[in-house]
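Student: Residue numbers (our numbering), protein chains in the order written: chain A, 90 to 511; chain B, 3 to 183.
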């Protein structure tokens with residue numbers, strides 16, 4: 090009997106270890122593959138300047154082609170996007186710009202108009218191949234905020250004979266972009282030096298530095314400042330920037346800077362959401378998007394919110410200094426509402442949408458719950474959310490998570506539950 | 003078995019970033035050169051044919067500073083840069099007159115200017131604007147023509163709690179250190 094128990098315990102332990110190792114191996118093999126351990130991997134590298142927001146994160150100032158071998162950079166070429174890719178492409182996939190402005194084509198470097206990076210990346214890879222003949226294994230996008238975070242780990246860098254830190258790197262890149270023309274050699278040279286330094290520090294730095302890098306990459310990936318599209322790689326799937334279609338209510342706010350330059354670091358964004366629930370599971374929502382333009386020049390933006398399918402717009406108000414729209418686009422799994430807003434220097438502008446949603450939410454005779462998923466656009470550094478939930482008549486809220494005001498750097502879920510009043 | 007469990011637990015902690023924190027660094031520590039030239043504000047100092055005079059160091063939110071910056075940012079046709087600092091930071095603008103006292107053109111970059119804080123931390127320049135002559139010489143060509151003398155406005159980003167004590171021009175063989183009153 091004792092011998093039987095011993096054998097059983099031994100095989101149980103072995104079984105657990107095998108399951109754990111099996112669970113670990115797949116992610117590990119995906120990770121090693123992405124780092125070019127099995128075979129060299131070549132990626133399209135996009136620097137998205139999120140001080141000039143575009144739907145997938147920011148203006149594609151510079152692009153690069155990087156080949157990795159055993160986790161280290163083997164080859165790196167960086168180009169000023171508009172000088173290297175000067176073709177025009179058809180804007181594919183669900184997006185609002187074509188419908189709003191009536192133009193179906195754009196320069197490649199302005200083509201990141203899809204609603205998320207996961208939709209844009211395979212299109213960009215195809216366009217890149219069509220224009221350059223260069224095939225890549227995947228696409229990596231890094232924005233200015235991620236660059237600053239990575240440089241907080243490297244510390245100051247002596248690049249091209251000058252000191253670059255996380256505090257001045259963005260302005261320095263803008264300066265070198267502005268003083269040169271054509272291929273912007275000083276800019277691309279500086280970026281190459283920074284990329285190689287960051288890579289070198291990640292590989293050869295101290296243990297705390299390496300772990301700090303890992304943490305930064307994880308956090309920046311979660312906040313969509315680093316996005317990685319690598320088809321078939323399960324480990325990195327959560328980094329591809331895809332927006333989610335939850336079953337419940339959701340708001341996904343997207344902004345496109347319309348020719349206002351490097352304005353978005355000087356714009357404070359906010360979302361006010363007031364939801365009234367009804368006993369039959371339907372709801373009425375009032376969403377206000379706020380833009381506080383702290384810059385000394387005017388700000389023009391194509392402001393889009395994506396909400397559940399079946400949304401019926403009932404009212405639009407604005408306090409912007411100019412508005413065109415709104416445009417409502419109905420898709421099978423979402424509704425997109427867009428407007429072109431102008432906000433004067435130093436002013437705050439808002440646009441408010443009131444809409445109803447069909448029966449959608451979990452209700453019962455005496456209890457129910459309601460969740461609202463607010464998804465953050467890639468590139469946006471922070472936003473404030475003021476959320477309120479009014480439960481059906483005759484009930485009261487007993488759970489209210491993230492109801493009220495908060496400032497967030499990531500997606501947030503508002504959760505509520507209610508019971509019948511007695 | 004115990005080793006496997008330890009490895010799993012360690013990996014989970016590492017992925018959580020809870021272990022081995024690395025302090026973020028965004029500044030250098032100032033080390034005074036024995037040959038440094040010291041001077042106060044509104045005073046001239048020369049090293050390697052470059053004469054520097056720091057006329058003012060003001061917060062970018064100051065209306066007069068802002069108006070001057072806006073005028074020259076527009077004039078230089080560089081990208082507009084926001085004067086609204088991120089939370090926790092302050093934007094300071096140094097108004098500096100730079101003169102080429104030599105007999106030929108000399109290299110000069112605005113990026114070689116830095117602010118030094120009371121605790122010895124050193125913050126290098128972000129961005130710069132000036133009039134057309136300043137733009138062509140200092141900002142685009144990074145070279146001062148013979149006889150050049152003009153004002154430049156240099157933007158710095160420093161932590162809000164920083165107390166700045168000096169402005170340093172570090173490219174000359176004898177760095178010029180201007181004490182900020």
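Just so you know, even glycine gets a beta-carbon here, dropped at the ideal spot from N, CA and C. Source: prediction; values computed, not measured.
State the Cα-Cα distance for the pair residue 136(A) and residue 263(A), rounded to the nearest angstrom.
Tutor: Cα to Cα, residue 136(A) sits roughly 12 Å from residue 263(A).
Student: Out of 349(A), 131(A), 368(A), 406(A), which has the shortest C-alpha to C-alpha gap to residue 224(A)?
Tutor: 131(A)
Student: Which two residues bound the contiguous alpha helix (DSSP H) that contains residue 314(A)?
Tutor: Residue 314(A) -> no alpha helix (DSSP H), and no H or E assigned at all.
Student: To the nearest angstrom, how far is it from the Cα of residue 147(A) to the Cα of residue 170(A)?
Tutor: 13 Å
Student: In chain A, what lies closer than 8 Å to residue 73(B) by C-beta?
Tutor: Simply none; closest approach about 10 Å.
Student: If the criterion is Cβ atoms closer than 7 Å, does the pair residue 447(A) and residue 399(A) meet it?
Tutor: yes
Student: Just by C-beta distance, which residues in the region 101-115 of chain B are closer than 8 Å to chain A?
Tutor: 111, 113, 114
Student: For residue 143(A) and chain B, any beta-carbon pair shorter than 7 Å?
Tutor: For residue 143(A), the closest Cβ of chain B is not nearer than 7 Å.
Student: How would you label residue 218(A), buried or exposed, when you count the other beta carbons within 10 angstroms and need 16 or more for buried?
Tutor: exposed
Student: Confirm, please, whether the CB-CB distance from residue 444(A) to residue 401(A) is below 7 Å.
Tutor: yes
Student: Apart from the five residues on each side of it in sequence, which residues of its chain come closer than 8 Å, Cβ to Cβ, to residue 161(B)?
Tutor: 90, 91, 92
Student: Give, in chain order, every residue of the region 125-137 of chain B whose Cβ lies closer than 8 Å to some Cβ of chain A.
Tutor: 125, 126, 127, 128, 129, 130
Student: Could you check the C-alpha separation between residue 207(A) and residue 216(A) for me, to the nearest Å?
Tutor: 15 Å
Student: Alpha carbon to alpha carbon, how far is residue 202(A) from residue 68(B)? Give it in angstroms, no decimals.
Tutor: 34 Å
Student: In terms of alpha-carbon separation, which member of 407(A), 350(A), 300(A), 459(A) lies closest to residue 80(B)?
Tutor: The residue from 407(A), 350(A), 300(A), 459(A) with its alpha-carbon nearest to that of residue 80(B) is 350(A).
Student: Taking the DSSP output, what are the residues bridged to residue 365(A)?
Tutor: 373(A), 479(A)
Student: Name, in chain order, the residues that DSSP records as bridge partners for residue 345(A).
Tutor: 391(A)
Student: Name the chain A residues whose beta carbon is nearer than 9 Å to that of residue 68(B)?
Tutor: 385
Student: I'd like the list of long-range same chain contacts for residue 521(A), defined as Cβ closer than 8 Å, with 5 residues on each side in sequence excluded.
Tutor: Any answer about residue 521(A) is impossible in this case: the structure gives chain A only from 90 up to 511.
Student: Examine the Cβ distances between the region 164-174 of chain B and the region 113-130 of chain B and report whether three or more of them are shorter than 8 Å.
Tutor: yes
Student: Which term fits residue 302(A), buried or exposed, when burial requires 16 or more other beta carbons within 10 angstroms of its beta carbon?
Tutor: buried
Student: Less than 6 Å separating the Cβ of residue 178(A) from some heavy atom of the ligand FAD?
Tutor: As for the ligand FAD, it is missing from this structure, which has no ligand bound.
Student: Using DSSP's beta-bridge definition, name the partner residues of residue 151(A).
Tutor: 136(A), 169(A)
Student: In chain order, what residues of the same chain lie with their CB nearer than 6 Å to the CB of residue 276(A), ignoring the 5 residues before and after it?
Tutor: 265, 266
Student: Helix, strand or coil for residue 460(A)? Go by DSSP, reduced to three states.
Tutor: In this structure, residue 460(A) counts as strand in the three-state DSSP scheme.
Student: Out of 364(A), 507(A), 156(A), which has the shortest C-alpha to C-alpha gap to residue 166(A)?
Tutor: 156(A)
Student: Please classify residue 119(A): does DSSP put it in a helix, a strand, or coil?
Tutor: helix
Student: Check whether the Cβ of residue 380(A) lies closer than 7 Å to any Cβ atom in chain B.
Tutor: no
Student: Have a look at residue 397(A) and residue 249(A) and give me their C-alpha separation to the nearest angstrom.
Tutor: 50 Å
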